[in-house]
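See structure below.
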Amino acid sequence: MTFLSRLPGLFRAKAAAPPSGGSPSTRRRSRLTAAVAAAGIAIGLAVVPATAAMAANILPNPGFENGLSGWTCASGARAVTTPVHGGAGALEATPAGADFARCSQVVKVKPSSTYSLSGWVRGSYVFLGALGTGTTDVSTWGTPGGNWAQLTTSFTTGSATNSVTVYVNGWYGTGAYNADDIVLDGPDPGGNTTVPPATPTGLAITARTATSVALSWNASQGATSYSIYQNGTRVGTPTGTTYVATGLTAGATYRFAVSASNTAGESAKSAEVTTTTPTDPVPPTPPTGLAVTTTSATTVTLSWSASQGATSYNVYQDGVKVASPTATTYTATGLTTGRTYRFAVSAANAAGESAKSAEVTGVPSGDPTTPPKRLLVGYLHASFANGSGYIKMSDVPDSWDIIQLAFGEPTSVTSGDIRFSQCPVAECPNVESEADFIAGIRAKQAKGKKVLISIGGQNGQVQLTSAAARDKFVSSVSAIIDKYGLDGLDIDFEGHSLVLDAGDNDFKNPTSPVIVNLISALKSLKAKYGSKFTLTMAPETFFVQLGYQFYGGGTTGADRRAGAYLPVIYAMRNDLTLLHVQDYNSGPITGLDNQYHTMGTSDFHIAMTDMLLAGFPVAGNTANMFPALRPDQVAIGLPAATYAGNGFTSVAEVQKAFDCLAKGTNCGSYKPRGVYPGLRGLMTWSINWDKYNSFEFSTNHRRYLNALP
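Take a look at the structure:
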């Protein structure tokens, strides 16, 4: 038996399915979903002397001398100092469960050019390859064991290819592997950073409190991030040129320095600045960025940037203080439609109140019961805490149009008995009473917001294997909806909740009990609650877009979960309010251009969303087309911050993707099959992580969505 024949059947079918993982949930921990392996594996292992000279190399940080800088790696990957092939560092990564511990890097290349790719590896099975070449993607593997050996392959880029993804990974359950001195040799187009940035200048202290110090510095040319050192220890890695050190001791002296980093490495540290925190509190700085985010017939919603040292804020309406919220959002209510109101905000703490911000004006308009044209959807950690902090329902900012309560979970995998309870006090000390929680829901609904119960998540595996489980699902979900007066249901089934039985080949006529029973249950709930019942779904790309290549039981050797959401979406297409596929915690997925697309870029969101809005042949069968959804049924799913899920996309890249899809402008290398002005909005995991990240997601994207025609 050859090595290739001993690989799992899925790999023999030339695709590796990622594990289900990731979700709006990413609940107790953050983790990566394993990538889809490139099709067509070329075998090429060459053992050469350890003294062989490196080729010309356009790959930044090829020897992991600067840690994992420039590389996107599976959780658990790390840079080690031993064993190494050359230099002082190497990669070590361990496949875990269904993850094969991939590290990848996007590298700029020249079109129509030939490149050679090589790397030194150790381990049972190690793979090296390149995706997105524009011609034939390549991969090579070897089994060097405990000795260093070199993998080599080559490829030619397509006529329109300007970048490729270079990757290295192990294989399921085969133990740790090492990689070092990875070389991409070929024409250098420029733009691949090979020189660390200059040392930052101008480090200064801009504000102090008894427990915090705010810093700023001048940007360093070529820097992609910075490292803050407090008394010689690195305490933060901001991407901007400001940082607030918190948790300090009043009256203590602290030294700070900053360095700049990019994929080539880290600069020297700047000159230190020293300060002593005051023993008495000082008033906070005035708020900035005050803006009107939404209006209704009787309300105006405001948001602003957090002020250093503030413990609360004062909102002034026409010069009179009307509220003192602790959050950086506020909704003025009871206003008169069409009248102009003036608003300003100040910040406060125990030492006093800051000056007021610049004023803004707001004019109440519209019908508060009519949903906005563009929706912002967020998951709220209602039943647990995971480090981002608990948010009371009454404190959820009004920028969110649909609030998904995470999560309702089954008493057992196959029971169908779904239960929901608020976060326990031991886990969430600031949790409100049930009465206040329900009152908060009513207040949101009075402003036209929808509040749904989300079922499943990363930990909540739900398999409706029987009619009894189906019926229990309907009755138990109904009980939750009725108890809290909710507007509907979100389906976030992950893991092995949805599996296609062998021979279940037609997504339009499924036969697998877990699929058939779920569809029946959803139709029953829709019939019970009527036309106002809101139904949303949050599948992973593995369960939807991967169906373009592989469809569970109908593709020989494929993971039977591949594309398993397609029959559910299809069956509920006339009742589905919103589908927001998770464009994160995903491996590379093939788009309608037959190229792999990698998360974290505008092209990934454009390609994944285009598949939903244009339709696609399931498992490549043009006689079996998954029909396009209406644009108003589709939103893009994103993590709110880098720590909320793998595949975070910057505000600029998200809005670039939305511009391309909704307006036909600002497109990248992927060109969608159409322009979709009705594209509905954005979903994020989660409202809690957005607050933890100073409301970057909701503040920027609410303003952007409101400005769209």
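Under this note's numbering, the sequence shown has 590 at position 582, and the numbering climbs by one with no breaks.
Cβ coordinates follow ideal geometry from the N, Cα and C atoms, glycine included.
Since we're looking at a predicted model, the values are computed, not measured.
Subject >> Limits of the alpha helix (DSSP H) - the one that N654 falls within >> reply: First-last for N654: undefined, no H or E at that position.
**OP:** Give the single residue among D500, D188, I577, T302 whose Cα lies nearest to the Cα of N6.
**Re:** A query on residue 6 cannot be resolved here, the shown segment of the chain reaching from 9 to 717 and no further.
Original post:
My guess is that S407 and L384 are in contact by the Cβ rule of under 8 Å, so how many angstroms apart are they, rounded?
Top reply: S407 to L384, Cβ: 6 Å. Contact.
**OP:** Below 8 Å on the Cβ atoms is my guess for S520 versus D512; work out the distance and round it to an integer in Å.
**Re:** Yes, S520 and D512 are in contact; Cβ-Cβ is about 5 Å, under 8 Å.
Original post:
If you draw a straight line from the alpha carbon of Y175 to that of G137, how long is it in whole angstroms?
Top reply: Those two C-alpha atoms are separated by around 5 Å.
Original post:
Can you tell me whether DSSP reads Q466 as helix, strand or coil?
Top reply: DSSP places Q466 outside both helix and strand once states are collapsed to three, so it counts as coil.
**OP:** Can you grab the Cα-Cα spacing for the pair V191 / D611, in whole Å?
**Re:** For V191 and D611, the distance between alpha carbons rounds to 26 Å.
Original post:
Can you give the Cα-Cα distance for G194 and V129, rounded to whole angstroms?
Top reply: Distance between the alpha carbons of G194 and V129: 21 Å.
Original post:
Does DSSP put P418 in a helix, a strand or coil?
Top reply: Strand.
**OP:** Let me know the beta strand (DSSP E) ranges lying completely inside the segment 539-615, each 3 residues or longer, listed in chain order.
**Re:** Given a length threshold of 3 residues, each whole run of the beta strand (DSSP E) inside the segment 539-615 is given here in chain order: 542-545.
Original post:
Going along the chain, which unbroken runs of the alpha helix (DSSP H) with 4 or more residues stay wholly within the segment 628-698?
Top reply: Taking only runs of at least 4 residues, the alpha helix (DSSP H) segments lying wholly in the segment 628-698 are 659-671.
Original post:
Where do the ends of the beta strand (DSSP E) carrying E100 lie?
Top reply: Residues 98-101.
**OP:** Taking K491 as part of the alpha helix (DSSP H), name the residues at either end of that continuous run.
**Re:** 475-492 is the extent of the alpha helix (DSSP H) around K491.
Original post:
Roughly how many angstroms lie between the CA atoms of V371 and Q453, to the nearest whole one?
Top reply: Rounded to whole angstroms, V371 to Q453 spans 21 Å at the Cα level.
**OP:** Could you tell me if T309 is buried or exposed, where buried requires 16 or more neighbouring beta carbons within 10 angstroms of its beta carbon?
**Re:** Counting Cβ neighbours within 10 Å, T309 comes out buried, since at least 16 surround it.
Subject >> Where R710 falls, given that 16 or more other Cβ within 10 Å makes a residue buried >> reply: Within 10 angstroms of the beta-carbon of R710 lie 16 or more other beta-carbons, which makes it buried.
Subject >> Rounded straight-line distance, which links the Cα of P437 to that of A54 >> reply: With a pLDDT of 36 at A54, under the threshold of 50, the modelled position of that residue is not reliable, and no figure is offered here.
Original post:
If you draw a straight line from the alpha carbon of A87 to that of G97, how long is it in whole angstroms?
Top reply: Rounded to whole angstroms, A87 to G97 spans 6 Å at the Cα level.
Original post:
At which residue ranges does the segment 279-355 contain complete beta strand (DSSP E) runs of 3 or more residues, listed in the order of the chain?
Top reply: Listed in chain order, they are 281-284, 299-303, 308-311, 320-325, 328-331, 337-340.
Original post:
If you compare alpha carbons, which of W312, W156, T306 is closest to G342?
Top reply: Of the listed residues, the one whose Cα sits closest to G342 is T306.
**OP:** Using a threshold of 8 Å, state whether the C-beta atoms of T293 and A355 are closer than that.
**Re:** Against a cut-off of 8 Å, the Cβ pair of A355 and T293 comes out as a contact.
Original post:
Alpha carbon to alpha carbon, what distance is there between F656 and T80?
Top reply: Distance from the CA of T80 to the CA of F656, rounded to the nearest whole angstrom, comes to 11 Å.
**OP:** Quick one: using the 10 Å Cβ neighbour count with 16 as the cut-off for buried, is S702 buried or exposed?
**Re:** It counts as exposed.
Original post:
Run through DSSP, which three-state label would A60 get?
Top reply: Below a pLDDT of 50, predicted positions are generally treated as unreliable, and A60, at 33, falls in that range; the measurement from the model is reported next regardless. In this structure, DSSP gives A60 a state outside helix and strand, which the three-state scheme calls coil.
Original post:
Would the beta-carbon of T182 be found less than 7 Å away from any heavy atom of the ligand PLP?
Top reply: Ligands displayed in this structure: none; no statement on the ligand PLP is therefore possible.
Original post:
For E367 versus A352, is the C-beta distance shorter than 8 Å?
Top reply: Yes; because the gap between Cβ atoms is below 8 Å, this pair is in contact.
**OP:** Sort out for me which residues DSSP pairs N226 with in a bridge.
**Re:** BP columns for N226 are empty, so no partner.
Subject >> the segment 272-285 in contact with the segment 204-212 per 3-pair CB rule at 8 Å >> reply: Contact annotation: the segment 272-285 touches the segment 204-212, with at least three C-beta pairs closer than 8 Å.
Subject >> Residues near V662 in its chain [Cβ-Cβ closer than 8 Å; skip 5 each side] >> reply: Answer for V662: S610, H613, I644, L646, L690, H709, listed in chain order.
Subject >> Segment contact flag, the segment 568-577 with the segment 541-560, C-beta cutoff 8 Å, min 3 pairs >> reply: In this structure the segment 568-577 lies against the segment 541-560, because at least three pairs of beta carbons, one per stretch, are closer than 8 Å.
**OP:** Say whether the segment 539-549 touches the segment 586-597, bearing in mind that this needs 3 or more beta-carbon pairs closer than 8 Å, one atom from each stretch.
**Re:** Inter-segment contact for the segment 539-549 and the segment 586-597 is present: three or more beta-carbon pairs are separated by less than 8 Å.
Original post:
So what's Q453 in DSSP terms, helix, strand or just coil?
Top reply: In the three-state reduction of the DSSP assignment, Q453 falls in the helix class.
Subject >> Same chain, Cβ closer than 7 Å to A579, five either side skipped, listed in chain order >> reply: Residues I527 of the same chain have their beta carbon placed closer than 7 Å to that of A579, with the five preceding and five following residues left out of the count.
Original post:
Span of the beta strand (DSSP E) holding A529?
Top reply: Careful: A529 lies outside any beta strand (DSSP E), inside the alpha helix (DSSP H) at 521-537.
Original post:
Would you say E435 and F392 are within 8 Å of each other, going by their C-beta atoms?
Top reply: Yes, the pair counts as a contact, with Cβ atoms nearer than the cut-off.
**OP:** Note down, in chain order, each residue of its chain lying with its Cβ closer than 6 Å to the Cβ of A615, except the 5 sequence neighbours on either side.
**Re:** The beta carbon of A615 sits closer than 6 Å to those of G599, H605, Y678, all from its chain and outside the five residues before and after it, given in chain order.
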